[in-house]
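Numbering (this note's numbering), first residue to last: 20 to 161. Down below is the structure, laid out as structure tokens.
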Amino acid sequence: MRSTVGHNIYDVVLFQTQRAAQRVAITTPGTRISWSSLEEWMVGWKHISARAATSKRHAQRAAHVAALASHMELVNRETDIETLAAVKLLVEREKMLPPRGEREGHPATEILQRVGTVLNERRRVAIEPDVGARRTDWKAAA
20 MRSTVGHNIY DVVLFQTQRA AQRVAITTPG TRISWSSLEE WMVGWKHISA RAATSKRHAQ
80 RAAHVAALAS HMELVNRETD IETLAAVKLL VEREKMLPPR GEREGHPATE ILQRVGTVLN
140 ERRRVAIEPD VGARRTDWKA AA
């Protein structure tokens with residue numbers, strides 16, 4: 020149900036409130052870290068990484084990566100190119116990936132592949148906005 024302020028003008032605050040209510044908060048297993056976007060996931064990663072080096076921290080890091088891998092729709096929904104690039108850099112630099120030969124099927128590999136694909140799609144759309152548009156005007160009339 021939408022409430023209108025005027026003709027075809029909707030209440031922006033109501034829209035933002037409803038939109039925020041639709042966001043699902045995901046909690047990383049074994050932690051109290053909740054997130055609902057890639058930016059919040061990165062903040063959670065930094066909180067976990069700032070903790071003292073223990074086996075519990077390593078388990079929490081693995082659970083955090085697995086939680087994002089099981090919620091890949093967050094990556095698909097992300098529209099900010101800088102956020103996608105930051106996540107890609109974080110996965111590559113923070114030693115999330117296992118050694119070569121053991122990467123197939125690993126959650127970090129799935130994240131890296133999906134983030135790379137979405138990042139390239141967003142960059143391509145930013146450069147060429149009509150990439151997906153169907154062109155019917157390129158045939159010259161005879």
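All residues carry an ideal CB built from backbone N, CA and C; glycine is no exception. Just so you know, these numbers come straight off a predicted model, no measurement behind them.
Which class does residue i belong to by DSSP, given the choice of helix, strand or coil?
i: S74; result: helix
i: T50; result: coil
i: A161; result: Bear in mind that the predicted position of A161 carries a pLDDT of just 45, short of 50, making it too unreliable to give a figure here.
i: V24; result: Unreliable placement is indicated for V24, whose pLDDT of 48 sits below 50; no coordinate value is reported for it.
Could you give the C-beta distance for residue i and residue j, rounded to a whole number, given that I count them as a contact under 8 Å?
i: P117; j: H125; result: 5 Å
i: H77; j: W64; result: About 13 Å; that fails the 8 Å criterion.
i: R133; j: M91; result: 6 Å
Measuring CB to CB, does residue i end up less than 8 Å from residue j?
i: I164; j: A86; result: There is simply no residue 164 to check, as the chain begins at 20 and stops at 161 in what is shown.
i: A88; j: E123; result: no
i: V137; j: N95; result: yes
i: L93; j: S68; result: no
Select from the options the residue whose C-alpha is nearest the C-alpha of residue i.
i: R112; options: L131, I67, R141, I146; result: L131
i: L108; options: I146, G135, H66; result: G135
i: P48; options: E92, Q79, S56; result: Q79
i: V62; options: A81, V106, M91; result: V106
i: M115; options: E147, A104, A127; result: A127
- Message: Any contact between the segment 46-55 and the segment 94-103? By contact I mean 3 or more CB pairs, one from each, below 8 Å.
- Response: In short, these stretches do not touch, since the Cβ pair count stays below three.
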